[in-house]
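Chains as they are written, first to last, in our numbering: chain A, 7 to 231; chain B, 32 to 211; chain C, 66 to 576.
Written out below as C-alpha cells is the structure these notes cover.
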C-alpha cells in the first residue's frame, strides 16, 4: 500500500509533492505541503495608511482632471497646446536642415552625396549652385530625364514639390543644401521662391536641356521687358 | 454569500464595465459623431481604398503611426511630419490606422515628404538601397517577378501612400466642434 | 465512494480552523472503509470526499484546454521569436509574404493571448471552480465543445492573419468568423462555470472566485461590444484601445490574480493575508481598470478630457495594485523559503511580483510626462511582455504544474525539466523586458530630440533588440521544453491509464 511508503517521519525521508516539489523542511511540518483545505482569507484589517493613501490619490486625481481635463469637447491637445485651434500647417519655425533631411534626404541622402547610379549628388552640383533660380525651378516643378552631374550620368525623375512645400520651406531647404558639405553659395530667401513661383506659370517637370535654355525669371515685377 | 449580495455583485461588476465603456468610448463617440470632414480632406478613391487594404494586409500599422503629435510630444513637429492631427482628419478612416509603434516614421503626411511613386516602388522593393540602416522588410511580392515592375497590389499601395497628405488648412471649427 | 450530492460537506462553509492544525485528523480508516490520507498531517477524509469528485469531473475538460494551450504556446512562441529576429535581420524570410513581419506579429499576439493564455486560463478555471465550489464541474460536454470551437477559431484566425486577411484593428485582427467561434466557445465555457457555481456546496466564496466570476461576466460583454459597434475614425480608435486594454482587465489579469490568490496560500498552507484587502483590491480593480485604455493614444487626436480620464484611472490603479501586492506578498514572504522547494510556488510568486512591477510601471507609463518619451517605442513591448508573460503566463505555468498531475493522477516525469523551464522563462523574460525598457527609453529620447535624424532612433535600439532576441530565444526554448514535458506526461497517462483515485491522491499528500 502506498500509504506505508509515503508515511512521513520528521527528520527522515524527504516527502515528494506533485508539481516537482520536495518537502525537506521536516522541522516545520505545519507549513508547506500540508495545507489541508482549499485556501481561505485571513482576518488582517486593511492598514490605515492604505485608506489614507487611497483617499489622497482620489482627491489628487479629481484635481488632475480639473487641471488637465481640458474643456468637455472633442478638442484634442488642449493640455499640450492650448492655442492649437489657430495652428495651420506647422507650429514651429521652419528649419532648413529639418526640411532637407525629412524631404530631400530621402533621395539625395543626408550627406548630400545621393545614391550612385540612382540619385544624383548635391555636393558641388552646378545644378544647385550656379544660380538661385534653377534649383528653385527644379524643386517647384520637378525634373526628369538624363542628366549629368559632376561627370556621372543619371536617368531618374524628381517630383514637383511646389504644391507640397511652402515658399519658406523650399527656401530653407535649398539654403541648407547650398551651405552644407563644402557647398558655398548665396542663401535663397522666401521672396526668391515667391518670385520664381509667380513669374512662371504652372508647368510640368523640366528636362535638363529645357532648364539650361530657359532664361532667368524676372526677379522683380519691374524688370519685365 | 446571500442571494441578494450575489445579485449585487454581478450588477456591480457589469455596471463597472459599462460605466467604463460609456466614459471612454460611448460619450466621446457621441461627440465625435458630429465632427465633419474639413474641406481639404477628400474621401479615398477606389484605388486608394484598395491600397489601404494592402497597407492593412501587410501590417504596416505595426511599425508606422498616423498621428503627428503637437509640440511638447516628441520631436514630431521638427521632423516635418505635419501639424498635430485632429479628429476631423480621420472621418473617412475605417478601420483606423493611428498605430502605436514607430519602428518607422509617422506616415500621416508621407506624401508631402515623398511625393514620387518611383521612390516608393524602389523603397518597397529594397528599403536598404535608399535608406541605409533601415529595418523595414522588403516586399518583393508587390512586384512582378522578373521585370520588377509594380504589380497591381504595389500600385494601389503607393497610390494610398501618395494620398496621405493632411496639410490642408483647418479652422477652429474643425478643431473644436461646438455642440448645437 | 460516491460522486453525487451526498458527498458534499453539509456545512459547506469555510474550513474549520481546527482542520488546519496538524494532528487533528482521525487517522486511518474513513467512514466508508476508504483508505485515508497517508499521514497525520493530511487532508481530513470528508474533504477528500468532496475534492476527488471535483477533480475527476474537471480532469478531461481541463486537460483538453491545457492541450490546446500548450499547442498555441508553441505556435505563439515561434511566431514571436521570428518577429523578434526580423528586427535584427530584416531580410530574413522576407521574400515570403506569409512570413512578413506585419503578418507574423499579429498572429503571434493573437495566438498567445487568445490561444495560450486564454486556454490555459480556462483549464485552470475549470479545475479551480470545481475545487472552490466544492462540487463536481457541471455540463462538461459544453466544455469539450468549447475547447473544440476555441481551437478551431484560433486555427482559422491564425491562418487568415498569415494569409493577409486581418481586420486591421490591433487585438481584434481575427476576421469575424474566427471571432464568432471564439466568442461561442467562451459562452459555452462560461455557461458550464456558472452552472457549477450555482451548484456550489459552499457558502463563503473565496477571493479567486470573485475574479473568475467577474471575468466570466465581463469577457462576453466586452467581446460582443467591441465586435458589434462599427465606429470609424477616432471613435474607433477609442473603442479599439478601450477593448485592448480591457481584455487585460477582464480576462488576463483576473486569471493571473485568481491563480496567484489560489496557489500562494494553497501551497504555503496558510490563509491569504487579508480578506479586507481582498475586497478593497477587487472592487477598486473592477471600478478603475475599466476606464483605462485611451492612454495608448496620448498626444493623439482624441478629446483631451477622455485621455485625461484614462490617465487618472491608470494612476488610481495604484490602490488595487497595492492592496493585492500587500495581500500576496505578505502571504508569501513569511514563507519565502518554500519557493526553493516548490516550483509551483516559485512560478506563481514570480508572477505575483511581476504583477506588482508591471502595474506600477503601467500606471507611471500612462502619464503624459512618461508617454512623451516611451510612446511608440519598444518600451511598450517590454511592458506588454512583463504583463502577459512574466505575470500571467508564469502564474499559469505554475497552475499547470500543480493541476496537471492532479488531473492525470501522476507526477511530472522530470523535476529537472520543470527547473529548466523556470530558469529559461525567468531569465529569458527578464532579459527581454530589461533590454526593451532601456532600448525603448533611448529610442524615445532620440525620437524626442529635435535635430536627431529618425534613423538614429532606429540605430540606437539595435544592440538592445539583439539582447531581446536572446531573451526571446530562452523563453521559446523553455516553452518548447514545457510542451515536451506536457506531451510526455500526456502520452504516459494515455499508455498506462489513470490510476485509482484515492490512493493516488494520498500519494500527492492529499492535495
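Every residue gets a Cβ at the ideal spot worked out from N, C-alpha and C, and that includes glycine.
This one's a predicted model, so the numbers in the text were calculated from it and none came from an experiment.
In this structure, the alpha-carbon of residue 154 of chain C lies about 24 Å from that of residue 138 of chain C. Residues of the stretch 130-161 of chain C with a Cβ closer than 7 Å to any Cβ of chain B, in chain order: 151, 152, 155, 156, 159 and 160. Its Cα nearest to that of residue 194 of chain B, the residue B:141 stands out among B:141, B:156 and B:135. For residue 259 of chain C, the enclosing alpha helix (DSSP H) has its first and last residue at 241-263. Looking from the CA of residue 208 of chain A, the closest CA among A:107, A:72 and A:144 belongs to A:144. Within the same chain, 421 come within 7 Å of residue 390 of chain C by CB-CB distance, once the 5 residues on both sides are set aside.
Partner residues in the beta bridge of residue 212 of chain A, as assigned by DSSP, are A:149.
A distance below 7 Å between beta-carbons, with the five flanking residues on each side excluded, links residue 97 of chain B to the following residues of its chain, in chain order: 128, 129, 130, 137, 138 and 139. For residue 193 of chain C, the enclosing alpha helix (DSSP H) starts and ends at 183-197. The shortest CA-to-CA distance from residue 425 of chain C to any of C:554, C:204, C:218 and C:452 is the one to C:452. In the three-state scheme derived from DSSP, where H, G and I count as helix and E and B as strand, residue 116 of chain C is classed as helix. Chain A places no beta carbon closer than 7 Å to that of residue 411 of chain C, leaving this residue out of the contacts.
Within the stretch 111-140 of chain B, those residues whose Cβ lies closer than 9 Å to any Cβ of chain C are, in chain order, 115, 116, 117, 118, 119, 120, 121, 122, 123, 124, 125, 126, 127, 128, 129, 130, 131, 132, 133, 134, 135, 136 and 137.
For residue 164 of chain A, the pairing in a beta bridge is given by DSSP as A:149. DSSP, read as helix, strand or coil, puts residue 103 of chain B in strand. A Cβ-Cβ contact shorter than 7 Å links residue 315 of chain C with residue 284 of chain C.
Rounded to the nearest angstrom, the Cβ distance from residue 515 of chain C to residue 109 of chain B is 4 Å, consistent with a contact under 8 Å. Around the C-beta of residue 187 of chain A, fewer than 16 other C-beta atoms lie within 10 Å, and the residue is accordingly described as exposed.
Spanning the alpha carbons of residue 459 of chain C and residue 358 of chain C requires a straight line of approximately 24 Å. Sorting C:294, C:320 and C:175 by C-alpha distance to the C-alpha of residue 281 of chain C places C:320 at the top.
Considering only beta carbons, the part of the stretch 266-277 of chain C lying closer than 9 Å to chain A consists of 267, 269, 271, 272 and 273, in chain order. Looking at C:262, C:142 and C:173, the one whose alpha-carbon comes closest to that of residue 195 of chain C is C:262. Under DSSP, the beta-bridge partners assigned to residue 125 of chain A are A:121.
In this structure residue 141 of chain A touches residue 134 of chain A by the C-beta definition: roughly 5 Å separates them, less than 8 Å.
For residue 193 of chain A, no alpha helix (DSSP H) run applies, since DSSP gives it neither H nor E. By alpha-carbon distance to residue 107 of chain B, the top candidate from C:512, C:366 and C:396 is C:512. About 4 Å separates the Cβ atoms of residue 364 of chain C and residue 104 of chain B, confirming a contact at the 8 Å cut-off. Identification of residues in the stretch 168-189 of chain B having a C-beta nearer than 8 Å to some C-beta of chain C yields 168, 169, 170, 171 and 172, given in sequence order. Contact with chain C is absent for residue 218 of chain A, since none of that chain's Cβ atoms lies less than 7 Å from the residue's Cβ. The DSSP-derived three-state label of residue 341 of chain C is helix. By the criterion of a C-beta distance shorter than 8 Å, residue 122 of chain A is surrounded in its chain by 158, once the five residues flanking it on both sides are discounted. Judged by DSSP in its simplified three-state form, residue 139 of chain B adopts coil rather than helix or strand. Within the DSSP bridge table, the entry for residue 181 of chain B names B:174 as partners.
Taking a beta-carbon distance threshold of 7 Å, residue 56 of chain B does not count as an interface residue toward chain A. The CB of residue 98 of chain B comes closer than 7 Å to the CB of 365 and 366 in chain C, given here in chain order. Contact between the stretch 84-97 of chain B and the stretch 338-348 of chain C is absent, with fewer than three C-beta pairs closer than 8 Å.
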